[in-house]
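Our numbering runs 551 ahead of the 1-based position in the sequence shown. By construction, the Cβ of each residue, glycine as well, lies at the ideal position given by its N, Cα and C atoms. Data block below; observations after.
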Amino acid sequence: MNLTDISVTPLHVAFETTRREVEKLGYRVTGSEIVGLVPLSCMLDAGRYYLEMQNSGMSGTGRMAVSPGLPERRLVEAAVRSMGLRDVAGFDPASKIIEYLVADEPVLSGMTCRDFADELSSDSPAPGGGSVAALIASLGAALSAMVANLTVKSRDCRAAWDEMREIAPKAQSLKEDLLRAIDDDTAAFNVFMDAVRKGEGVQEAMHAAAAVPMSVLERCPEIASLAASVAANGLPASLSDAGVAASCARSASEGAYFNVVINAAQFEDRAAAEALIARAAAILEETSSIASSVVGDVRRRLETSAASGDEGKGK
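What follows is the structure in structure tokens.
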């Protein structure tokens with residue numbers, strides 16, 4: 552079967568249609584094979600579809616099988632298993648999914664925590680605060696995704712399921728973008744240093760270096776807002792995690808802001824520098840306002856819970 556327009560016929564729709572038609576003939580599909588390459592979006596859509604099918608099948612039990620807001624790699628694996636992509640032939644996402652095949656190998660975001668910390672503590676100026684701000688932001692998004700996913704699995708939180716099922720994928724998407732920014736920040740700095748050594752393209756490189764932390768900063772208000780949502784309506788036992796997510800958003804916004812300002816200070820175009828700093832300051836203030844409110848509320852609730860001996864309000 553040739554799929555010429557996946558927006559009209561997604562991969563999982565083609566598979567399920569084939570499966571149903573074959574069953575009418577008294578046979579069953581034992582597996583499938585993708586010949587050539589496949590876009591990542593196809594696999595993610597398929598993964599979410601099959602997880603939703605699992606949840607639909609468990610609707611009578613009063614709980615979800617699993618949240619569709621899982622990490623990207625787990626969504627891909629759900630699609631692979633559900634469509635039997637390893638039953639007929641091998642399926643290695645790294646060599647079959649277009650985006651994975653052409654992507655540069657992550658350097659910093661692929662390190663262990665210890666290796667990253669060791670690299671950070673060396674006598675090299677990069678990675679530095681910009682990459683750390685991106686990392687902290689990604690962790691804030693990851694924590695909100697975790698709380699949302701745990702909430703979806705709790706029978707006692709059914710009223711919040713729909714909201715959490717929307718939050719988890721948003722948080723996962725933010726996490727992925729910010730993980731890429733860890734390497735992007737260091738790469739932009741290295742390009743700037745190379746431009747300085749060559750004596751050409753310095754201003755262009757400096758503007759590019761400022762753009763990366765600015766992109767991190769621009770995502771921080773949403774990270775803080777997601778933390779606010781999971782703190783308000785998420786699993787009570789994960790309240791402390793929601794508080795840490797908000798703290799991450801605030802810290803990341805401050806770190807990203809510092810890096811925007813130090814880079815903008817070297818712009819020859821002072822009007823552009825002032826405009827960028829003013830915009831960055833406004834985003835910082837917005838993030839700080841949201842995150843500080845969440846942190847204060849979480850602290851109050853946890854301390855009240857601790858004083859009353861009420862368990863389940865934190866971990």
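Alpha-carbon to alpha-carbon, residue j and residue i
i	j	result
T722	L777	The displayed chain sequence assigns Ala, not Thr, to residue 722. Those two C-alpha atoms are separated by around 7 Å.
G794	E755	39 Å
V812	Y600	43 Å
L652	P644	8 Å
S618	L554	28 Å
R716	Q605	14 Å
K866	A629	Because the pLDDT of K866 is 46, which lies under 50, any placement of that residue in the model is unreliable, and the number read from its coordinates should be weighed accordingly. Roughly 29 Å separates the two Cα atoms.
M552	I585	10 Å
I828	E773	20 Å
I733	V580	43 Å
T569	L576	11 Å
C664	G679	15 Å
A696	S689	11 Å
A826	S646	44 Å
S705	R852	20 Å
I841	D728	21 Å
E923	S592	Nothing can be reported for residue 923, as the shown portion of the chain is limited to 552 through 866.
S673	D736	17 Å
F566	E603	16 Å
Distance between beta carbons of residue j and residue i, contact taken as under 8 Å
i	j	result
V767	A803	7 Å
A746	A775	Contact flag wrong, Cβ pair sits at about 34 Å.
A597	L621	Actually they do not touch by this definition, with Cβ atoms about 13 Å apart.
S583	M662	Incorrect: roughly 35 Å between the Cβ atoms, too far for contact.
S780	I718	6 Å
Counterpart residues of residue i in DSSP-defined beta bridges
i	result
V589	I648
Close-in-space but distant-in-sequence residues of the same chain around residue i (CB under 6 Å, 5 per side omitted)
i	result
A693	K726
A807	A684, P764, V767, L768
L835	S804, Y808
P590	I649
A761	V811, N814, A815
E819	Q754
Contacts around residue i, its chain only, beta-carbon distance under 7 Å, and the 5 residues preceding and following it disregarded
i	result
R741	A small fix is needed here, since residue 741 is Asn in this sequence, not Arg. Here the set comprises A677.
L686	I733
Own chain residues within Cβ distance below 8 Å of residue i, not counting five before or after
i	result
V846	G794, A797, S798, R801
G785	V698, A699, L701, T702, C708, A711, M715, A793
A832	Y808
A816	A824
V849	A782, L790, S791, A793, G794, A797
M594	L562, L626, V627, A630, V631, P644, I648
Residue i at chain B interface by Cβ criterion, 9 Å
i	result
E656	Looking at the structure shown, chain B is missing, and only one protein chain is on hand.
Residue i CB to nearest heavy atom of the ligand GDP below 8 Å
i	result
S776	No copy of the ligand GDP appears in this structure; indeed no ligand is present at all.
Query raised in the report: Can at least three beta-carbon pairs, one atom from the stretch 624-644 and one from the stretch 690-705, be found at a separation below 8 Å?
Result: no
Query raised in the report: Using 8 Å as the Cβ pair cut-off and three pairs as the minimum, do the stretch 667-675 and the stretch 703-717 touch?
Result: no
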